[in-house]
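2 protein chains.
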Amino acid sequence: MSIRVLVVDDQALVRGGFTMILRTHPDIEVVAEAGTGLEAIEAAQRHRPDVILMDIRMPELDGLEATSRILGEADWPVRVLILTTFDPDEYVYQALRAGASGFVLKDIPPHELATAVRTIADGGALIAPSITRRLISRFAEGPAVNAAVAERLHRLTDRERDIVVAVARGDTNTEIAQQLYIGPATVKSHVSSILTKLGLRDRTQIVVFAYESSLVKPGTQDIGT
Amino acid sequence: MSIRVLVVDDQALVRGGFTMILRTHPDIEVVAEAGTGLEAIEAAQRHRPDVILMDIRMPELDGLEATSRILGEADWPVRVLILTTFDPDEYVYQALRAGASGFVLKDIPPHELATAVRTIADGGALIAPSITRRLISRFAEGPAVNAAVAERLHRLTDRERDIVVAVARGDTNTEIAQQLYIGPATVKSHVSSILTKLGLRDRTQIVVFAYESSLVKPGTQDIGT
DNA sequence: GCCGACCTCCTCCGCTGGGCGGAGGCCGCG
DNA sequence: CGCGGCCTCCGCCCAGCGGAGGAGGTCGGC
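These protein sequence lines are chains Z and D, in that order.
Each residue of the first sequence is one higher than the one before, starting from 2 at the first, in the numbering used here.
Each residue of the second sequence is one higher than the one before, starting from 2 at the first, in the numbering used here.
Below you can see the structure in the form of structure tokens.
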């Protein structure tokens, strides 16, 4: 089944260009175009596309607002790929916060546009390399992981780190044992050596340590059903 | 011309699986496999692949070190896609700093693996959605608080939230009691009602909940001496 | 005044968790 | 080949945790 795409851009020429490019790929079908944010919302509801190519700068309603509204109301799986001319953007963060799955510049080669659409449709997240680099550097300079904490982290063996991650999910020893296909007694002995190596007292402190050392980060866990 | 791929993983079964998957795509050619970091370096030099699928955890030399050595010495255009089981993102930064073009989890559907390889070969950067989400939540200073989680949070009373914070420091009931100038029995009853209200099982899950709901944020705790 | 929400504290009891002290197997290193 | 590190398990012991089921206190609202 082909990938159904909605192209949104206020400049008809650009819009048409993207559509032309995508039409050369038989697995991609442009089902509609829109020239404003409001039109985009309406077209999305009507055509229920798999992927939306969304410009940011538009009259009436910009791409960011349109994105969050569409994603907020959609009752079908739709993904948004933001296309923008420049990249000097606080826009990036807003766009990703709005729920966009990708963010690429309009100067990408035509064939990569198709690749990008496929990646997004496949459930991937795609960010232009230049932007990715910036995200990474911004992220890296982040709260400078407590060096002393990180140091103690690599005194653990690989297996022990597995256990730490599992403990930091709130699992019991027997649950961890089943997940790792080992006996409960083994889990207990791993936990014990973790506690002594890290100078901790019990498993709740292991959880704290896992988060504080960035071994585990918020936003990755399901807690309580 | 087909995309030439080197598959690196210390588990022969996993390695073979990836190779099998990729072989079903005519535009992708697996030119070699390696089971350790050292083998990977040698195989890369010999076969000069376009893309390297690299596991992190390996004997002899891990995927991160192998990646940076290969990229440091390569005199041809090669890109590295990191494949890992868990996503303890210590690794993410190191990997991206080492020059990897992508970072995905091994649980991606088979067809996405091929898409990922094509994306990387095309010069794109690819990061697993789960990790991208985390990157994003770092910039959106309100770490995309899971609405359902936050909702359950304010079903707690003020005092109960105090207890949650204290539990999330890794303190025992008696320690919490002393800090709050109440009896240990009182702490226990608070903890009990917290558990039932939040649908959790034990205090380690409370710690997880505290971090996931942003009631407690990393970088604010002293852990271990 | 009564009711409900909240905080405080209590007992009894089963279970998990963690310390201690082992043991065997594998593997890499000197 | 022996040594040490790692992973895998075992049994014993008991402190802390958590469930069940209370009780008394204050305070605000109906």
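From the three backbone atoms N, C-alpha and C, an ideal C-beta is built for every residue, glycine too.
In this text the structure is predicted, and so the values were computed from the model without any measurement.
Through-space distance from residue j to residue i, alpha-carbon basis
{"i": "D:Thr85", "j": "Z:Ala13", "result": "43 angstroms"}
{"i": "D:Ala115", "j": "D:Asp56", "result": "16 angstroms"}
{"i": "Z:Val168", "j": "Z:Asn174", "result": "8 angstroms"}
{"i": "Z:Pro144", "j": "Z:Ala67", "result": "Bear in mind that the predicted position of Z:Pro144 carries a pLDDT of just 43, short of 50, making it unreliable; the figure below should be weighed with that in mind. In a straight line, the C-alpha of Z:Pro144 is about 33 angstroms away from that of Z:Ala67."}
{"i": "Z:Ala45", "j": "Z:Phe19", "result": "17 angstroms"}
{"i": "D:Leu62", "j": "D:Asp10", "result": "11 angstroms"}
{"i": "Z:Gln179", "j": "Z:Ile207", "result": "20 angstroms"}
{"i": "D:Lys279", "j": "Z:Glu161", "result": "Absent from the model: residue 279 of chain D. The displayed extent of chain D is 2 to 226, so no value can be given."}
{"i": "Z:Ile121", "j": "Z:Lys189", "result": "43 angstroms"}
{"i": "Z:Arg170", "j": "Z:Arg156", "result": "21 angstroms"}
{"i": "Z:Glu176", "j": "Z:Gly184", "result": "10 angstroms"}
{"i": "D:Ile195", "j": "D:Val165", "result": "8 angstroms"}
{"i": "Z:Asp203", "j": "D:Arg58", "result": "27 angstroms"}
{"i": "Z:Leu82", "j": "D:Asp108", "result": "23 angstroms"}
{"i": "Z:Glu74", "j": "Z:Arg24", "result": "28 angstroms"}
{"i": "Z:Ala99", "j": "D:Val118", "result": "28 angstroms"}
{"i": "Z:Val32", "j": "D:Val15", "result": "40 angstroms"}
{"i": "D:Met21", "j": "D:His112", "result": "12 angstroms"}
{"i": "D:Val8", "j": "D:Ala211", "result": "40 angstroms"}
{"i": "D:Pro50", "j": "D:Gly64", "result": "16 angstroms"}
{"i": "Z:Pro60", "j": "Z:Thr37", "result": "6 angstroms"}
{"i": "D:Phe140", "j": "Z:Gly220", "result": "Bear in mind that a pLDDT of 49 at D:Phe140, under 50, signals an unreliable position, so the model cannot answer this."}
{"i": "D:Ala35", "j": "D:Arg70", "result": "15 angstroms"}
{"i": "D:Val6", "j": "D:Ser102", "result": "14 angstroms"}
{"i": "Z:Thr187", "j": "Z:Thr158", "result": "14 angstroms"}
{"i": "D:Glu239", "j": "D:Leu54", "result": "Residue coverage of chain D in this structure runs from 2 to 226, which leaves residue 239 of chain D outside it and unanswerable."}
{"i": "Z:Met2", "j": "Z:Ser215", "result": "41 angstroms"}
{"i": "Z:Ile4", "j": "D:Leu106", "result": "24 angstroms"}
{"i": "Z:Leu39", "j": "D:Leu201", "result": "43 angstroms"}
{"i": "Z:Ser193", "j": "Z:Val52", "result": "50 angstroms"}
{"i": "Z:Val146", "j": "Z:Leu154", "result": "Because Z:Val146 sits at a pLDDT of 49, beneath the cut-off of 50, its placement in the model cannot be relied upon, and the following sentence gives the value as read from the coordinates. When rounded, the distance between both Cα atoms is 11 angstroms."}
{"i": "D:Ala41", "j": "Z:Thr205", "result": "39 angstroms"}
{"i": "Z:His191", "j": "Z:Val209", "result": "17 angstroms"}
{"i": "D:Asp123", "j": "D:Phe104", "result": "15 angstroms"}
{"i": "D:Ala72", "j": "D:Ile128", "result": "Per the sequence shown, residue 72 of chain D should be read as Leu rather than Ala. Going from the Cα of D:Leu72 to the Cα of D:Ile128 covers about 19 angstroms."}
Assigned secondary structure, residue i (DSSP; H/G/I helix, E/B strand, else coil)
{"i": "Z:Leu72", "result": "helix"}
{"i": "Z:Ile42", "result": "helix"}
{"i": "Z:Leu7", "result": "strand"}
{"i": "Z:Ala122", "result": "helix"}
{"i": "Z:Ala169", "result": "coil"}
{"i": "Z:Val217", "result": "coil"}
{"i": "D:Glu61", "result": "coil"}
{"i": "D:Ile109", "result": "coil"}
{"i": "D:Ile235", "result": "Missing from the structure shown is residue 235 of chain D; chain D here goes from 2 to 226 and no further."}
{"i": "D:Arg49", "result": "coil"}
{"i": "Z:Arg156", "result": "coil"}
{"i": "Z:Gly18", "result": "helix"}
{"i": "D:Asp203", "result": "coil"}
{"i": "Z:Val146", "result": "With a pLDDT of 49 at Z:Val146, under the threshold of 50, the modelled position of that residue is not reliable, and no figure is offered here."}
Counterpart residues of residue i in DSSP-defined beta bridges
{"i": "Z:Leu82", "result": "Z:Leu54, Z:Gly103"}
{"i": "Z:Ile29", "result": "Z:Ile4"}
{"i": "D:Glu34", "result": "D:Val8"}
Of the residues that make up the segment 186 to 208 of chain Z, which ones have a beta carbon closer than 9 angstroms to any beta carbon in chain D?
-> Leu199, Gly200, Leu201, Arg202, Asp203, Arg204, Thr205, Gln206, Ile207, Val208
Does the pairing of the segment 15 to 29 of chain D with the segment 65 to 79 of chain D give three or more beta-carbon distances under 8 angstroms?
-> With contact defined as three or more Cβ pairs closer than 8 angstroms, the segment 15 to 29 of chain D and the segment 65 to 79 of chain D are not in contact.
What residues in the segment 170 to 186 of chain Z have a beta carbon less than 9 angstroms from any beta carbon of chain D?
-> Residues of the segment 170 to 186 of chain Z with a C-beta atom less than 9 angstroms from some C-beta of chain D are Arg170, Gly171, Asp172, Thr173, listed in chain order.
Relative to chain Z, which residues along the segment 51 to 66 of chain D have a C-beta separation below 8 angstroms, given in chain order?
-> Arg58
Could you run through the segment 100 to 113 of chain D and flag, in chain order, every residue whose CB is less than 9 angstroms away from some CB of chain Z?
-> Ser102, Val105, Ile109, Pro110, His112, Glu113
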